[in-house]
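Report on the structure given below.
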Amino acid sequence: MEFRELLNSKAELVNQALGAYMEHEQNPQAKIYEAMRYSLLAGGKRLRPAILLMANEICGGDQEQALPFACAVEMIHTYSLIHDDLPAMDDDDLRRGKRTNHKVFGEGIAILAGDALLTKAFEIIAVWDEMGLPPERRIRAISILANLAGTEGMIGGQVVDLEHEGAGMDVETLEYLHGLKTSALIRAAGTVGAVLAGAEEKELQAIDAYCYHLGMAFQIQDDILDVTGSFEELGKPIGSDAENHKTTFVSIYGVERAGELVSEYTKKAVDALAVFTGRAQVLVDLAHDLIGRSA
Ligand code: GRG
Numbered sequence: 002m003e004f005r006e007l008l009n010s011k012a013e014l015v016n017q018a019l020g021a022y023m024e025h026e027q028n029p030q031a032k033i034y035e036a037m038r039y040s041l042l043a044g045g046k047r048l049r050p051a052i053l054l055m056a057n058e059i060c061g062g063d064q065e066q067a068l069p070f071a072c073a074v075e076m077i078h079t080y081s082l083i084h085d086d087l088p089a090m091d092d093d094d095l096r097r098g099k100r101t102n103h104k105v106f107g108e109g110i111a112i113l114a115g116d117a118l119l120t121k122a123f124e125i126i127a128v129w130d131e132m133g134l135p136p137e138r139r140i141r142a143i144s145i146l147a148n149l150a151g152t153e154g155m156i157g158g159q160v161v162d163l164e165h166e167g168a169g170m171d172v173e174t175l176e177y178l179h180g181l182k183t184s185a186l187i188r189a190a191g192t193v194g195a196v197l198a199g200a201e202e203k204e205l206q207a208i209d210a211y212c213y214h215l216g217m218a219f220q221i222q223d224d225i226l227d228v229t230g231s232f233e234e235l236g237k238p239i240g241s242d243a244e245n246h247k248t249t250f251v252s253i254y255g256v257e258r259a260g261e262l263v264s265e266y267t268k269k270a271v272d273a274l275a276v277f278t279g280r281a282q283v284l285v286d287l288a289h290d291l292i293g294r295s296a
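Numbers in the numbering used here are just positions in the sequence shown, counted from 1, shifted up by 1.
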């Protein structure tokens, strides 16, 4: 199967499972599902679930066992986007080409939709099912996800971002920030996929290093697209970083050097996979695909 076809098939699988998780009773709180579904099924790239499923497959896992975890990572990602768009954070009107959650449902429901997606994520992976996943793998995976989505991961990165608002920052702080804000959830996706498959420790470390560097390359590319991209491709206005006086890799280094950094981080990501001796080609393809992305 061609790489793009493979990526689309993973995204389709995840979309269907996410849709099923959003089925609900017609009870008085049904509005919350409407708000969760609105952002969850708004057409994201499904990058993190794809990484989880690919890492799982490379390490010899079972896709059916991994799918709820792939959905959980996407739910956490979507919650972070909903909260990041709120007036108290970035105050954005558009996301994934649609009005942001709070613009449609109001701030209160948008906050709760984010909270509910975060809660739902852990609800769907902390279940006892008949699929044969060893409990110690499940618990380790849940613990990794909670850690990397939390204060030592994605939330920690957002805090560093808020703390430096308007004050600027040096490149070390910027790298630290994105290592948490962007790479941490990508690391969670890869390492959870590997843990569920019962990967060896050296394979786990390799996937972790791959995801860290891929996340950094992805973030710098995001900074570049904010300058060189288009509204049609990104589904949100461009130039928002400069408008909000954000320190980015582009504001520090310029577009050209930032582009070189994307290539350097991508190479480090790919190099980290050497331990798989060719079995991780799909992750190599993913890294190369992301370099050329326009959205
Ligand atoms: C906990 C409020 C809160 C925030 C955490 C992740 C995050 C910090 C904020 C989201 C905004 C942002 C610019 C994050 C950086 C990572 C990034 C480039 C996210 C966009 O991810 P894509 O491109 O989005 O995968 P789609 O829509 O394709 O899923």
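Where is the CB? At the ideal position from N, CA and C, for every residue including glycine.
- 8 Å or more divides the Cβ of Ala127 from the Cβ of Cys72.
- Fewer than three Cβ pairs drawn from the stretch 123-138 and the stretch 148-159 lie within less than 8 Å of each other, which leaves the two stretches out of contact.
- Ligand 1 has no heavy atom closer than 7 Å to the beta-carbon of Arg100.
- As the crow flies, the alpha-carbon of Pro50 is around 18 Å from that of Ala200.
- Here Val251 has Asp224, Ile225, Val228, Ala259 as same chain residues with Cβ atoms under 7 Å from its own Cβ, once five neighbours each way along the sequence are excluded.
- Minimum Cα-Cα distance from Ala111 among the listed residues Ala168, Thr249, Val263, Asn102 corresponds to Asn102.
- Ile221 is a Cβ neighbour of Val263, given a cutoff of 8 Å.
- In the DSSP assignment, Ile239 falls outside any alpha helix (DSSP H), carrying neither H nor E.
- Arg47 sits in coil when the DSSP states are folded into three classes, being neither helix nor strand.
- Nearest to Leu82 by alpha-carbon distance, out of Ile253, Val256, Leu186, is Leu186.
- Residue pairing of Arg100 in beta bridges, as defined by DSSP: Leu95.
- Counting the other CB atoms within 10 Å of its CB gives Asn245 a total below 16, which places it among the exposed residues.
- Contact between the stretch 9-24 and the stretch 83-95 is absent: fewer than 3 CB-CB pairs across the two stretches fall below 8 Å.
- The Cβ-Cβ distance between Ala195 and Leu205 falls below 8 Å.
- Of the heavy atoms belonging to ligand 1, none sits nearer than 7 Å to the Cβ of Met217.
- Setting aside the 5 residues that flank it on each side, Thr79 is surrounded in the same chain by Ser40, Leu41, Leu118, each with a C-beta closer than 6 Å to its C-beta; the list follows chain order.
- Around Asn57, the same chain offers Ala67, Gly194, Leu197, Ala198 as residues with beta carbons nearer than 6 Å, after the five sequence neighbours per side are excluded.
- The beta carbon of Ser184 lies closer than 7 Å to those of Cys212, Tyr213, Gly216, Met217 in the same chain, with the five residues before and after it left out.
- Between Val74 and Leu54, the CB-CB gap reaches or exceeds 8 Å.
- Taking non-hydrogen atoms of ligand 1 into account, the C-beta of Met55 is found less than 7 Å away from none of them.
- For Gly45, the shortest separation between its Cβ and any heavy atom of ligand 1 lies below 7 Å.
- When secondary structure is reduced to three states using DSSP, Val285 falls in the helix class.
- The beta carbon of Arg47 sits closer than 6 Å to those of Ala12, Val15, all from its chain and outside the five residues before and after it, given in chain order.
- Contact between Arg97 and Gly44 holds: their C-beta atoms lie close to 5 Å from each other, under 8 Å.
- Every alpha helix (DSSP H) of 4 residues or more that sits fully in the stretch 149-200 is shown, in chain order, as 155-164, 172-182, 184-197.
- Cβ contact annotation for Lys104 (same chain, cutoff 7 Å, sequence separation greater than five): Asp94, in chain order.
- Of the candidates Asn28, Ser231, Asp63, Ser231 places its Cα closest to the Cα of Ser295.
- Counting of Cβ neighbours within 10 angstroms places Thr152 among the exposed residues, the total staying below 16.
- Proximity to Arg139 across Gly236, Thr192, Glu257 peaks at Thr192, based on C-alpha coordinates.
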